[in-house]
Amino acid sequence: MICPSPFKFHFEVAQMSLRAANLIAAGANSLSGTPLSFRSPSMSRVSASADALTTVPLATKGASFIRKHLQTLAPYTPIEPFEILSARLGRHPKDIVKLDANENPYGPPPEVLEALGSMEFPNIYPDPESRRLRAALAEDTGIGAEHILVGCGADELIDLIMRCTLDPGDKILDCPPTFTMYAFDAAVNGASVIKVPRLPGFALDVPSIVDTVRQQNPKIVFLTSPNNPDGCLVSDDELKTILDLPVLVVLDEAYVEFAREPSRINWVTNYENLIVLRTFSKRAGLAGLRVGYGAFPLSLIEYLWRAKQPYNVSVAAEVAACAALTNPKYLELMLV
Ligand SMILES: Cc1ncc(COP(=O)(O)O)c(C=O)c1O
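All residue numbers for the sequence shown refer to UniProt numbering, where the first residue is 1 and numbers rise by one.
Set out below in structure tokens:
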């Protein structure tokens, strides 16, 4: 474990400011994407319903249709949108430094807005195989396009991986503190979460991970390098040790470009049990357009193709991501 990592993005500082920003500016009490409580608009309408046929509270009636494991799911509170935050604080969005979701404050390269402004066919469904973007990513990452699947953010891929691999009652393992979507999606998918906490200083407790995998047989181990929220990196040795276990390893590299350490994306050609996730949200400032990607061993990827929503990556998202990749200089500058 290499801790702390030499981020140019001042990752840790951003993370420290994050709590303050939550309290002072955003008022949102979460780390990036931390599940808290989702206030669905329809929920607040239930009690006000004047529907004469509703003789029992709608929540009770409706709940009987919900899958058992979801009836007790802790709800999710998304990050407060910029417009709402700005209205609440009475400040222009440009005057707010928003740090609570690790968005890139600099935004995408100018080519992105140009490309979005001249999109030709927003009326046509997108390419279900995101061919143009996967070809550009193959060039960008050095791994073959056949290993790459694009999603509506890395978030979608985390859920898709779980939908394809987890049977009800299966377990995943993660190492808190870390990105909380792994635990949230596991709960949605009827899996339980084994937590192997990080050591003081946020290093992975690899011996404990090894023991826990051997004893409790989780199906997936989620590793995050650099980790959200502390920025610690997973070393080659640690990764190899965990890959030698009989478990699927998802290595989330959402912030890898800021670490100045090589990505392990090409390791998926050597390990049948490794998936590497990356995103345009951080590096390319495209969090709002929702585009992330994963690299998979060929033996796994075909099942994800079968299960994914056909039009998961919008025309706008693909156009924007392709345009961002045409300006590697800008993307590189953002890391300085
Ligand atoms: C570690 C980590 N992985 C994945 C994501 C989500 O990425 P995306 O915006 O591509 O869904 C985040 C977002 O904050 C993150 O911190």
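All C-beta atoms, glycine included, are put in the ideal place defined by N, C-alpha and C.
Spatial distance of residue i from residue j (CA atoms)
| i | j | result |
| --- | --- | --- |
| I158 | N266 | 19 angstroms |
| V221 | A287 | 25 angstroms |
| G231 | P168 | 32 angstroms |
| I172 | A154 | 17 angstroms |
| S263 | G144 | 15 angstroms |
| K240 | F280 | 26 angstroms |
| L304 | P122 | 26 angstroms |
| P176 | F202 | 9 angstroms |
| A316 | E114 | 12 angstroms |
| L298 | V247 | 17 angstroms |
| A320 | P110 | 10 angstroms |
| N200 | Y255 | The sequence shown places Pro at residue 200, not Asn. C-alpha separation (whole angstroms): 22 angstroms. |
| A50 | M119 | In this predicted model, A50 has a pLDDT of only 35, less than 50, meaning its place in the structure is not dependable; the value taken from the coordinates is given anyway. Computed Cα separation, rounded: 45 angstroms. |
| K282 | A101 | 10 angstroms |
| D170 | L274 | 18 angstroms |
| Q71 | A187 | 11 angstroms |
| I84 | I96 | 12 angstroms |
| F258 | D237 | 21 angstroms |
| K61 | T180 | 30 angstroms |
| K68 | T141 | 42 angstroms |
| S30 | P78 | At S30 the pLDDT is 32, less than 50, meaning the model places this residue with poor confidence; the figure from the coordinates comes in the next sentence. The straight-line gap from Cα to Cα measures roughly 9 angstroms. |
| S86 | L289 | 20 angstroms |
| T34 | A74 | For T34, the predicted structure reports a pLDDT of 38, less than 50, and the residue's modelled location is therefore unreliable. A value from the coordinates is still provided. Computed Cα separation, rounded: 12 angstroms. |
| Y330 | G151 | 23 angstroms |
Near ligand 1: residue i beta-carbon under 7 angstroms from a heavy atom
| i | result |
| --- | --- |
| N228 | yes |
| S314 | no |
| T77 | no |
| F184 | no |
| T241 | no |
| T141 | no |
| G292 | yes |
| F296 | no |
| T224 | yes |
Range covered by the beta strand (DSSP E) that runs through residue i
| i | result |
| --- | --- |
| F222 | I220 to T224 |
| K195 | S192 to K195 |
Short Cβ contact (8 angstroms threshold) for residue i with residue j
| i | j | result |
| --- | --- | --- |
| E318 | S130 | yes |
| F82 | K98 | yes |
| M162 | A183 | no |
| T178 | T224 | yes |
| G107 | G285 | yes |
| M334 | N189 | no |
| V193 | D205 | no |
First through last residue of the alpha helix (DSSP H) which encompasses residue i
| i | result |
| --- | --- |
| Y76 | No alpha helix (DSSP H) contains Y76, which DSSP labels as neither H nor E. |
| I84 | F82 to L89 |
| S281 | F280 to R283 |
>> As an exercise, report each continuous alpha helix (DSSP H) stretch of at least 4 residues that is fully enclosed by the segment 113-184, in chain order.
In response: As far as the segment 113-184 is concerned, its whole alpha helix (DSSP H) runs of at least 4 residues are 131-141 and 153-165.
> Which full runs of the alpha helix (DSSP H) of 4+ residues lie inside the segment 202-257, going along the chain?
Replying inline: Runs of the alpha helix (DSSP H) inside the segment 202-257: 206-216 and 236-243.
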